[in-house]
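Taking the UniProt record's numbering, the leading residue of the sequence shown gets 1, the next gets one more, and so forth. Report on the structure given below.
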Amino acid sequence: MAKLTEQDILNWNGPEEDYMNPDQLEFFRELLIKLQDELIDNATTTTGHLKEHESAPDPADRATQEEEYALELRTRDRERKLLSKIQASIRRIDEGEYGFCQDTGEPIGLKRLLARPTATLSVEAQERREQLKKQFAD
């Protein structure tokens with residue numbers, strides 16, 4: 001079969017039983033692996049950048065460097081968490097669970113997965129969870 005494109009995913013209007021067919025799963029696997037590789041490259045670059053970090057003699061310059069260093073570390077921490085989600089999504093593809101809501105078992109939807117490939121909940125289930133959090137926070 002031909003390799004699917006993002007436009008193919010957006011235009012898909014097939015029968016429900018054809019949802020998450022092998023071509024769609026391969027498309028999302030490749031997308032997730034690409035995202036994973038980008039995050040790993042970023043982490044490698046950051047590690048090299050932080051190792052060559054020299055301390056500035058001027059206190060103002062040093063404070064700026066420390067703030068940039070802290071910002072970079074926070075960004076990498078967010079990316080580390082995203083990397084875990086990406087790897088979990090790849091495992092769900094391998095286990096045949098990718099693309100289905102963990103709460104309801106219903107399809108998450110191709111457009112949602114294209115926008116957020118690590119999504120584990122349908123829009124409705126996500127909204128319910130957010131409403132419950134909001135109720136308990138009030």
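The C-beta atom is built at its ideal place from N, Cα and C for all residues, glycine as well.
With a cut-off of 8 Å on the beta carbons, I'd call residue i and residue j a contact; round off their distance for me.
i: C101; j: L121; result: 5 Å
i: L25; j: I90; result: With a Cβ gap of about 10 Å, L25 and I90 do not count as contacting.
i: L113; j: G99; result: 6 Å
i: L39; j: L83; result: 5 Å
i: I86; j: Q36; result: 5 Å
i: A43; j: R74; result: About 13 Å; that fails the 8 Å criterion.
Can you say whether residue i is buried or exposed, counting buried as having 16 or more other CB atoms within 10 angstroms of its CB?
i: L10; result: exposed
i: G105; result: exposed
i: L71; result: exposed
i: F27; result: buried
i: A119; result: buried
When the Cα atoms are used, what is the spatial distance from residue i to residue j?
i: K134; j: K81; result: 23 Å
i: residue 139; j: D103; result: One cannot answer for residue 139 here, as it falls past the ends of the chain, which runs 1 to 138.
i: E6; j: P15; result: 19 Å
i: E79; j: D23; result: 28 Å
i: E66; j: P107; result: 45 Å
i: E127; j: F136; result: 14 Å
i: P117; j: Y69; result: 29 Å
i: M20; j: D138; result: 39 Å
i: T64; j: V123; result: 41 Å
i: W12; j: T45; result: 38 Å
i: D8; j: R62; result: 50 Å
i: P57; j: D41; result: 31 Å
i: D18; j: E130; result: 30 Å
i: A2; j: R29; result: 15 Å
i: A88; j: P59; result: 43 Å
i: A115; j: K34; result: 15 Å
Using DSSP bridges, identify the partner residues of residue i.
i: P107; result: F100
My parser needs the alpha helix (DSSP H) runs of 4 or more residues fully inside the region 4 to 85; what are they?
6 to 11 and 22 to 51
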